[in-house]
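Inspection log for the structure reproduced underneath, given as structure tokens.
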Amino acid sequence: MNKTSFFNSLFKDFQQTALLWKKDDVLQLKQFCINNVDSEFQVNNPHKKLRLGKWVEQFVSFQLKQISSIKILSENLQIQDYKQTIGELDLLFEEEKQPIHLEIIYKFYLYDNSKIYNNLLEYWIGPNRNDTLVYKLKKLKEKQLPLLYHNKTKKALENLNLRAEDFKQYVNFKAQLFLPYNNQNVDIDPLNTDCIQGWYLNFEKISMLKNYLFYIPEKLEWINSPHNAVDWLAFENFIIEIEKSIAQKRSPLCWIKDNTNGFQKCFITWW
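Residues in the sequence shown are numbered consecutively from 221, following this note's numbering.
See below:
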């Protein structure tokens, strides 16, 4: 698959990812819902090395540019305090003349049933246990969204003939959720069940999967739905690759294929 086709595939699967919650069900953070577009994603430089989050920002920007009622005002507006960057506003745009500040997030979370938490949202953690949904929500509420009203932001907005008080603020927070292999009957309210994409299994129990074929996608491919056009590994070869990640306390995302060509998506965790 060439780079242009790859990014179009990535964009298509990005559009299929659901918002993590609907309306303002979580901490009064309002989701900005963007309808899927039929246009092929126009990538200016397919060989440019960007992390997944930056490609997601480009995907959202591209979606909005296809909507006639929307005018992009600024992308990735950096806010400076002298020579230090104190933050960035992901996207500023007008919808029907209404200025909007949008923060864009795409995450992968696993439901941690290894302990009892006080809050239902606290159960959701990153694959390597160094990231949590609650931490990200707190960062949005206390840092990323308030940045619009920071004293140092005022000058940057004035350069664009904009005022912070005119803006409405939203998030576009998409995620893929993964449940424990042995306990997938989980009530994930107030989150969106459409975000559930698979399960996770501890490495020590990996022999349960010995009859499958495997593919370990690169980080950018994590967005993608599994497909057949990859080099599948037999269990014995898969174990060799997985052990390298587990030794570094990294939990890789995997695609698995059964003997009926059915696909599943899962994490193999080190913890």
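C-beta: ideal position from N, C-alpha, C; glycine also.
Excluding its 5 nearest sequence neighbours in each direction, aspartate 310 has C-beta neighbours in its own chain below 7 Å: Glu277, Asn296, Leu322, Glu323 and Ile324, listed in chain order. Taking 8 Å as the upper bound for CB-CB distance, isoleucine 443 and leucine 284 are not in contact here, some 19 Å apart. Per the coordinates, the alpha-carbon of isoleucine 345 lies some 6 Å from the alpha-carbon of aspartate 351. Under the three-pair Cβ rule at 8 Å, the stretch 351-371 does not count as touching the stretch 464-472.
Using a Cβ distance threshold of 8 Å, cysteine 474 and isoleucine 459 do not count as a contacting pair. For serine 229, the enclosing alpha helix (DSSP H) starts and ends at 223-236. By the neighbour-count criterion, in which a residue is buried when 16 or more other Cβ atoms sit within 10 angstroms of its Cβ, cysteine 486 is buried.
Ranking Ser259, Asn333 and Ser288 by CA distance to the CA of glutamate 314 puts Ser288 first. Beta-bridge analysis with DSSP links threonine 489 to Asn422. Considering only Leu411, Lys269, Gln235 and Pro366, the residue with the shortest C-alpha distance to lysine 223 is Lys269. For alanine 449, there is no enclosing alpha helix (DSSP H), since its DSSP letter is neither H nor E. In the three-state scheme derived from DSSP, where H, G and I count as helix and E and B as strand, leucine 272 is classed as helix.
Nearest neighbour of proline 410 by Cα position, chosen from Ala384, Phe261 and Gln248, turns out to be Gln248. Judged by DSSP secondary structure, threonine 305 falls within the beta strand (DSSP E) whose first and last residues are 304-315. If only complete runs of 4 or more residues are kept, the stretch 342-375 shows the alpha helix (DSSP H) at 353-359, in order along the chain. Secondary-structure assignment with DSSP links glutamine 300 through a beta bridge to Thr305. Comparing C-alpha distances from lysine 242 to each of Tyr420, Asp233, Phe252 and Phe234 shows the shortest one belongs to Phe252. Per DSSP, alanine 395 is one residue of the beta strand (DSSP E) stretching across 388-400. Residues of the same chain with a CB within less than 7 Å of the CB of aspartate 478, apart from the 5 flanking positions on each side, are Tyr432 in chain order. For glutamine 389, the closest C-alpha among the options Phe455, Leu312 and Asn405 is that of Leu312. For phenylalanine 328, the enclosing beta strand (DSSP E) starts and ends at 318-331. In the displayed model, leucine 377 falls within a helix according to three-state DSSP.
Shortest Cα-Cα distance from leucine 330 to any of Phe227, Asn448, Tyr401 and Ile476 involves Tyr401. The C-beta distance from phenylalanine 393 to glutamine 417 rounds to 15 Å, too long to meet the 8 Å contact threshold. If you ignore the 5 residues before and after lysine 430, its C-beta comes within less than 7 Å of the C-beta of Phe455, all in its own chain and listed in chain order.
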